[in-house]
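Residue numbering for the sequence shown follows my numbering, starting at 1 and increasing by one per position.
A quick write-up on the structure given underneath.
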Amino acid sequence: MPTHAEVAADLLRAAATFFRNIAETNQELKEQMETNAETYDVIAGLVSSDPQGELDLEEDQSAANDEK
């Protein structure tokens, strides 16, 4: 029986595929859909490899603010 984390990772990967399919058919949305797909794939990998892991979103926000 699959764990919740395994199911979640599978759903995230399926969503990434969906976003890539949209990107292939809609040039106006291509860049955003590819970004979404990459994000979902990264999170799927994190859920698979470290289901109890934590993200430090404050650090990510600081880096984003520094780029502005």
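Note that CB positions come from ideal geometry on N, CA and C, so glycine has one too.
Quick caveat: nothing in here was measured; it's all calculated off a predicted structure.
Would residue i and residue j be called neighbours here (beta carbons separated by less than 8 angstroms)?
{"i": "arginine 13", "j": "aspartate 50", "result": "no"}
{"i": "leucine 29", "j": "isoleucine 22", "result": "yes"}
Starting from the C-beta of residue i, find all residues in its chain whose C-beta is less than 6 angstroms away, skip the five residues before and the five after it, and write them out in chain order.
{"i": "asparagine 36", "result": "Phe19"}
{"i": "alanine 8", "result": "Val47"}
Near residue i, which residues of its chain fall below 8 angstroms by C-beta distance, leaving aside the five closest residues on each side in sequence?
{"i": "glycine 53", "result": "Leu46"}
{"i": "alanine 5", "result": "Val47, Ser48 and Pro51"}
Kindly list the residues whose CB is nearer than 7 angstroms to the CB of residue i, restricted to its own chain and excluding five residues on each side of it in sequence; keep chain order.
{"i": "isoleucine 43", "result": "Leu12"}
{"i": "alanine 15", "result": "Tyr40"}
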